[in-house]
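By the count of my numbering, the sequence shown reaches residue 749 at its end, each step adding exactly one.
In this text, a Cβ means the ideal position worked out from N, Cα and C, and glycines have one as well.
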Amino acid sequence: MPSAVHRILVAIAVSMLLVTLSVSAQGQGRWSANKLAPLPEPAEEYWSITANGKFYLFGGSATNIGGRQVLPGRVLEYDPATDKWTAKKQMPHPADHMALTEYRGRIYLFGGTGPQQASDGGPNNFFLEKSWEYDPVADSWKPLAPIPTKRHAAVAAEAGGKIYVIGGSGYTPGTEGPFAAANPDLIVLAVNEVYDPATNKWETRRSVSTPRNHAAIGVVGGKIYVIGGRLASANVGNFVASPTDVVEEYDPAMDRWRGMNKMPTARSGHGWATYQGRIYVVGGEHRDSHMDAVYRDVEAFDPALNEWYRLPPMPTARHGVNVAALGNRLHAIGGHVAFSATGGHASDTALHEVFEFNK
Numbered sequence: 391m392p393s394a395v396h397r398i399l400v401a402i403a404v405s406m407l408l409v410t411l412s413v414s415a416q417g418q419g420r421w422s423a424n425k426l427a428p429l430p431e432p433a434e435e436y437w438s439i440t441a442n443g444k445f446y447l448f449g450g451s452a453t454n455i456g457g458r459q460v461l462p463g464r465v466l467e468y469d470p471a472t473d474k475w476t477a478k479k480q481m482p483h484p485a486d487h488m489a490l491t492e493y494r495g496r497i498y499l500f501g502g503t504g505p506q507q508a509s510d511g512g513p514n515n516f517f518l519e520k521s522w523e524y525d526p527v528a529d530s531w532k533p534l535a536p537i538p539t540k541r542h543a544a545v546a547a548e549a550g551g552k553i554y555v556i557g558g559s560g561y562t563p564g565t566e567g568p569f570a571a572a573n574p575d576l577i578v579l580a581v582n583e584v585y586d587p588a589t590n591k592w593e594t595r596r597s598v599s600t601p602r603n604h605a606a607i608g609v610v611g612g613k614i615y616v617i618g619g620r621l622a623s624a625n626v627g628n629f630v631a632s633p634t635d636v637v638e639e640y641d642p643a644m645d646r647w648r649g650m651n652k653m654p655t656a657r658s659g660h661g662w663a664t665y666q667g668r669i670y671v672v673g674g675e676h677r678d679s680h681m682d683a684v685y686r687d688v689e690a691f692d693p694a695l696n697e698w699y700r701l702p703p704m705p706t707a708r709h710g711v712n713v714a715a716l717g718n719r720l721h722a723i724g725g726h727v728a729f730s731a732t733g734g735h736a737s738d739t740a741l742h743e744v745f746e747f748n749k
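Structure, rendered in structure tokens:
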């Protein structure tokens, strides 16, 4: 077949595939905005999780109080049944970039960065070893065994009654000090440590193959999926870090990792949620020599088929967006509408946009 004809046929086939995927995505549901309660206290660095049918946001980026940058340590609860936000008991030790997950109605938070002592009020750039259990029903906190590896921007997930904390950024073993992007001892981690809530003890498991921070995570069929994230550096604002599209599956029973089909859009700082066996990845950010960008993209991974699907994009591009699957809705709440911390708190958004799945 002549090469020119072959190229034309390939282009036609690709175009037809993209049209099919677009039609399929549109058929899954649609986005709406300005219908549900906005985030009452917008901030860039919330970390979030769903528990007992409600959505919880923890932390929030530092604000200037008396000339000092102070982490607020907020806890906000969103109830989809009433469409209302409620302030809950604050974090015992303010932090940001924690890893967190839910198990049996309790919320578990690990590591992050914050002041060395809860009462310090800053500086806020020390890696923390703190671990906490938060009971949303009692609105109470309980300290847990410290995480073995201090780090921030890791991800956590529960599988088989144990909680796996994977990746993040920290220091090379034997080094300490405050978080500083230019510190040569700051590295991106592949660490995989497992916490057992029944014994309050930690163990080490096989490291993830691709060290990364600011990734997404989901659990389907008892296996853990780590999706995208940031390579080489904790800081997206330099030209060292690279976003990744790498997806890896961890089998806790076998303590084994394997690669899966790549995410269509490489990014970090995205939101995520799992709904009916698919992991949804929303928003994010990217820097290269051409642009500083925040994303509207919404992509869904089906581990059973090892396939990715595109959904209609979010109405508003942002990173640091908090995502929850509640009922038949995918909620995209808050975040930052400019690249990295550009624009300061003025670029934090209270937006509450919702993707409603077709029944």
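Asked, Found
"Nearest-angstrom Cα separation, counted from arginine 677 out to lysine 540", "27 angstroms"
"Cut-off 8 angstroms between Cβ atoms - residues of its own chain near serine 679, not counting five sequence neighbours on either side", "Phe629"
"Extent of the continuous beta strand (DSSP E) to which glutamate 593 belongs", "591-595"
"Nearest-angstrom Cα separation, counted from glycine 551 out to glutamate 434", "31 angstroms"
"Coarse secondary structure for serine 632, derived from DSSP in three states", "strand"
"Serine 509 burial status per 10 Å Cβ neighbour count (16 or more: buried)", "exposed"
"Span of the beta strand (DSSP E) around valine 610", "606-610"
"Proximity of valine 584 and glycine 557 at Cβ, strictly below 9 angstroms", "no"
"Backbone CA spacing between glycine 567 and methionine 488 [nearest angstrom]", "18 angstroms"
"Pairwise C-alpha distance: aspartate 641 and glycine 502", "25 angstroms"
"Any beta strand (DSSP E) of 3 or more consecutive residues that is wholly inside the segment 495-566", "496-500, 521-525, 530-533, 545-549, 552-556, 559-561"
"Whole-angstrom distance between proline 587 and valine 409, CA atom to CA atom", "In this prediction, valine 409 scores a pLDDT of 40, lower than 50, which makes its location untrustworthy; no coordinate-derived value is stated."
"Expected contact under 8 angstroms - CB spacing of asparagine 712 and glycine 725 to nearest Å", "7 angstroms"
"Boundaries (first-last residue) of the beta strand (DSSP E) holding valine 584", "582-586"
"Euclidean distance between Cα positions of arginine 420 and leucine 701", "9 angstroms"
"Start and end residues, beta strand (DSSP E) containing asparagine 712", "712-716"
"Buried or exposed (CB count within 10 angstroms, at least 16 for buried), alanine 547", "buried"
"Those residues which DSSP pairs with serine 422 across a bridge", "Val744"
"Under the three-state DSSP convention, the category alanine 736 falls into", "helix"
"The beta strand (DSSP E) enclosing glutamine 666, as first and last residue numbers", "Looking at the DSSP string, glutamine 666 is not in any beta strand (DSSP E), and its letter there is neither H nor E."
"Pair within 9 angstroms by beta-carbon distance, glycine 560 and leucine 579", "yes"
"Glutamate 431, enclosing beta strand (DSSP E) - first and last residue", "No beta strand (DSSP E) contains glutamate 431, which DSSP labels as neither H nor E."
"Candidates Pro462, Asp687, Thr562, Glu697: closest to alanine 722 by CA position", "Asp687"
"Integer-rounded CB distance, given that histidine 604 should sit under 8 angstroms from serine 658", "4 angstroms"
"Short Cβ contact (9 angstroms threshold) for alanine 714 with alanine 663", "yes"
"Minimum C-alpha distance to aspartate 575 - residue among Ala622, Asp486, Ser422", "Ala622"
"Rounded separation between aspartate 529 and proline 538 - CA only", "26 angstroms"
"Distance between lysine 478 and arginine 464 (C-alpha atoms, nearest Å)", "8 angstroms"
"CB of glycine 710 within 9 angstroms of CB of tyrosine 436, strictly", "yes"
"Status (buried if at least 16 other CB within 10 Å, exposed otherwise) for alanine 694", "exposed"
"Given glutamine 440 as reference, the closest of Ala731, Pro536, Asn454, Leu490 once Cα atoms are compared", "Reading off the sequence shown, one finds threonine at residue 440, where the question assumed glutamine. Among Ala731, Pro536, Asn454, Leu490, the Cα nearest to that of threonine 440 belongs to Leu490."
"Unbroken beta strand (DSSP E) run spanning glutamate 435, endpoints", "Counting along the chain, glutamate 435 falls outside any beta strand (DSSP E), and DSSP gives it neither H nor E."
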